[in-house]
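Visitor: Below are the structure tokens for one structure; questions will follow.
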């Protein structure tokens, strides 16, 4: 198990393994059955991806609102700059299309790894366009402090809202160098993968006959991926 060590100046950031909030941004507690509305947590690939990283929470009492009006970035909910030019909360514009949060967060990952900032997964389930959009950035383990985080400005007429206790970004830990090469499959490998795909397709009606359901948008779901995922997980645990 890899260890990630941390230090930060504001305990309100509360970094933790990302949790899928249900009810909440992960969807409502509707069961997987006909007549239910599809929810983000119904999707295993999304659920696993959403919980893969570390989430950060907005630590300040006052809400912060970032808008774009007539092509200009407007930040509301912060103090006037002090004699050093600093704001509280410490947000400022960064060029024409971005803004920053002076976050002061140190995450020490093991040798060979780095961490990458990215939007919190609730950005992808939000229907209001108010969730902040953290810009991806990769920091290697020799860098001792993340001094600021960059966010993409909202579109014209839209507003990003930071609220106390709401997650605003996610961090994932990855190998520091992309040590891979993209190559085409051999004919044998391609044939094997095609056979696997056809077997899954042909057995889908019987494999998930008892789990098929239709949502309120007339979308048909079943548990094919979920059942194979469960079997593969059990198999790997027994090795």
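In the numbering used here, the protein residues as written are 696 to 934.
We treat Cβ as the ideally placed atom computed from N, Cα and C, and that holds for glycine.
(1) With distances taken from CA atoms, which of 809, 820, 780 and 749 is nearest residue 717?
(2) Could you tell me the boundaries of the alpha helix (DSSP H) in which residue 855 lies?
(3) If you drop the 5 nearest sequence neighbours on each side, which residues of the same chain put their C-beta closer than 6 Å to that of residue 746?
(4) With DSSP as the reference, label residue 911 as helix, strand or coil.
(5) Counting Cβ pairs closer than 8 Å, one from the region 843–859 and one from the region 794–809, do we hit at least three?
(6) For residue 867, collect the residues of the same chain with a Cβ closer than 8 Å to its Cβ; drop the 5 residues on either side in sequence, then sort them by chain order.
(7) Measure the beta-carbon distance from residue 754 to residue 707 and round it to whole angstroms, keeping in mind my assumption that it falls under 8 Å.
(8) Restricting to runs no shorter than 3 residues, where is the beta strand (DSSP E) found entirely within the region 729–754?
(9) Need the endpoints of the beta strand (DSSP E) that residue 701 sits in, please.
(10) Of all the options 921, 836 and 705, which has the alpha carbon lying nearest to the alpha carbon of residue 742?
(11) What residue ranges within the region 758–814 form continuous alpha helix (DSSP H) runs of no fewer than 4 residues, ordered along the chain?
(12) Since residue 789 contacts residue 759 with CB under 8 Å, what's their CB separation in whole angstroms?
(13) Only counting the same chain, and skipping five residues up and downstream in sequence, which positions put a Cβ closer than 6 Å to that of residue 771?
(14) Counting along the chain, where does the beta strand (DSSP E) carrying residue 833 start and finish?
(15) Rounded to whole angstroms, what is the Cα-Cα separation between residue 909 and residue 738?
(16) Could you tell me the distance, in whole angstroms, from the CA atom of residue 884 to the CA atom of residue 892?
(17) Whose C-beta lies closer than 8 Å to the C-beta of residue 915 among residues of the same chain, with five residues either side of it excluded?
(18) Whole angstroms is fine: what's the gap from residue 731's alpha carbon to residue 911's?
(19) What do you reckon, are the CB atoms on residue 855 and residue 825 nearer than 8 Å?
(20) Anyone know if the C-beta pair for residue 799 and residue 699 falls short of 8 Å?
(21) Given residue 756, which residues of its chain have a CB within under 8 Å of its CB, disregarding the five upstream and five downstream residues?
(22) How big is the Cα-Cα spacing for residue 852 and residue 927?
Guide: On the basis of the data shown:
(1) Position 22 of the chain shown holds residue 717. Answer by Cα proximity: 820.
(2) As a first step, residue 855 must be located in the chain shown, where it is residue number 160. Unbroken run through residue 855 is the beta strand (DSSP E), 854–857; no alpha helix (DSSP H).
(3) Residue numbering aside, residue 746 sits at position 51 when the chain shown is read from its first letter. 713 and 715, listed in sequence order.
(4) Mapped onto the chain shown, residue 911 falls at position 216. Coil.
(5) yes
(6) In the chain shown, residue 867 corresponds to position 172, counting from 1. Around residue 867: 747, 748, 749, 810, 811 and 813.
(7) In the chain shown, the residue the question calls residue 754 occupies position 59. In the chain shown, the residue the question calls residue 707 occupies position 12. Their Cβ separation, rounded to whole angstroms, is 2 Å, which keeps residue 754 and residue 707 in contact under 8 Å.
(8) 749–752
(9) Counted from its first residue, the chain shown places residue 701 at position 6. Note, residue 701: beta strand (DSSP E), 700–703.
(10) As a first step, residue 742 must be located in the chain shown, where it is residue number 47. Nearest C-alpha to residue 742: 921.
(11) none
(12) Taking the first residue of the chain shown as 1, we reach residue 789 at position 94. Taking the first residue of the chain shown as 1, we reach residue 759 at position 64. Contact doesn't hold; Cβ gap of about 15 Å is too wide.
(13) Counted from its first residue, the chain shown places residue 771 at position 76. Counting only Cβ-Cβ distances below 6 Å, and skipping sequence neighbours, we find 760.
(14) Taking the first residue of the chain shown as position 1, residue 833 is located at position 138. Looking at the DSSP string, the run of the beta strand (DSSP E) that includes residue 833 is 832–835.
(15) The residue you call residue 909 lines up with position 214 of the chain shown. The residue you call residue 738 lines up with position 43 of the chain shown. In a straight line, the C-alpha of residue 909 is about 14 Å away from that of residue 738.
(16) Translated into the one-based positions of the chain shown, residue 884 becomes position 189. Translated into the one-based positions of the chain shown, residue 892 becomes position 197. Spanning the two alpha carbons is a distance of roughly 12 Å.
(17) Mapped onto the chain shown, residue 915 falls at position 220. Result list for residue 915: 907, 908 and 909, in chain order.
(18) Indexing the chain shown from 1 puts residue 731 at position 36. Indexing the chain shown from 1 puts residue 911 at position 216. Taking the straight line from one Cα to the other gives about 6 Å.
(19) If you number the chain shown from 1, residue 855 lands on position 160. If you number the chain shown from 1, residue 825 lands on position 130. A contact, by the Cβ cut-off of 8 Å.
(20) Here residue 799 refers to the residue found at position 104 when the chain shown is read from its first residue. Here residue 699 refers to the residue found at position 4 when the chain shown is read from its first residue. In this structure, residue 699 does not lie closer than 8 Å to residue 799 by Cβ.
(21) Against the chain shown, residue 756 aligns to sequence position 61. Taken in chain order, the residues that qualify are 859.
(22) By 1-based counting over the chain shown, the position of residue 852 is 157. By 1-based counting over the chain shown, the position of residue 927 is 232. In a straight line, the C-alpha of residue 852 is about 47 Å away from that of residue 927.
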